[in-house]
Amino acid sequence: MKKDKPVDEFKEKYLRALADYQNLEKQTESWKTEFAQFSNLGLIRKLLEVLDDLEKAQEHLQDEGLNLIIGKLHNILREEGLEEIDVLGKPFDPITAEVISTEPGQEEHKVIKVLQKGYKLKEKVIRPAKVTVWAKLLE
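For what it's worth, the numbering used here labels the leading residue of the sequence shown as 13, then goes sequentially.
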C-alpha cells in the first residue's frame, strides 16, 4: 500500500498541473481575442468622426452615392462588433448618454433628442450619445 501512495500523489499533482495549464491556455486565448477586438479602437473612434460628418452632409445633400458610402461604412463597423446605442425616447442613462441640454417637459429625464449618436463595441460603451432630455419646470 505504501508504494502506491507516492504514485497516487504524483498522479494527482500531474492532473492538477494539467488542468491549470489547460485553464491558462483558455485564458490566454480569451485575452488574445479581447485584445484583437479592442486593438482597433483608436481607428474605430476616428472612423466614427468621419461617419458623423458624412451623416451630417447627407442630411443636407440627400445624395444616393453618399448614402451608399455611409451604408458600407456602417456595415464594416458592424462587422467589427460596433453597434449604435438606442437612447431616443428612453429614460436617461449616464452610462450610455451624456446630457448636453434640457427642455421643459412632463417626463423628467426622458431622452427627447440625440445630438450625437453613441456606440458600443462588444457591449462596452466607447462613445456615449450626446442628448437633450426633458426636465420638470420649477414652480
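Glycine included, C-beta positions come from ideal geometry on N, C-alpha and C.
When the alpha-carbon of K134 is set against those of D20, E71, E91 and A29, the nearest one is in E91.
Ranked by Cα distance from E95, the first of R139, E61 and I81 is R139. Distance from the CA of K84 to the CA of T108, rounded to the nearest whole angstrom, comes to 25 Å. Rounded to whole angstroms, the Cβ separation of V143 and V123 is 5 Å, and the two are in contact under 8 Å.
If you look at T40, you'll find it in the alpha helix (DSSP H) that goes D16 to S51. Inclusion of P103 and H121 in the CB contact set at 8 Å is warranted, their separation being smaller than that value.
Apart from the 5 residues on each side of it in sequence, G101 sits with its Cβ closer than 8 Å to the Cβ of K122, V123 and I124 in its chain, given in chain order. The beta carbon of I112 lies closer than 6 Å to those of L127 and K142 in the same chain, with the five residues before and after it left out.
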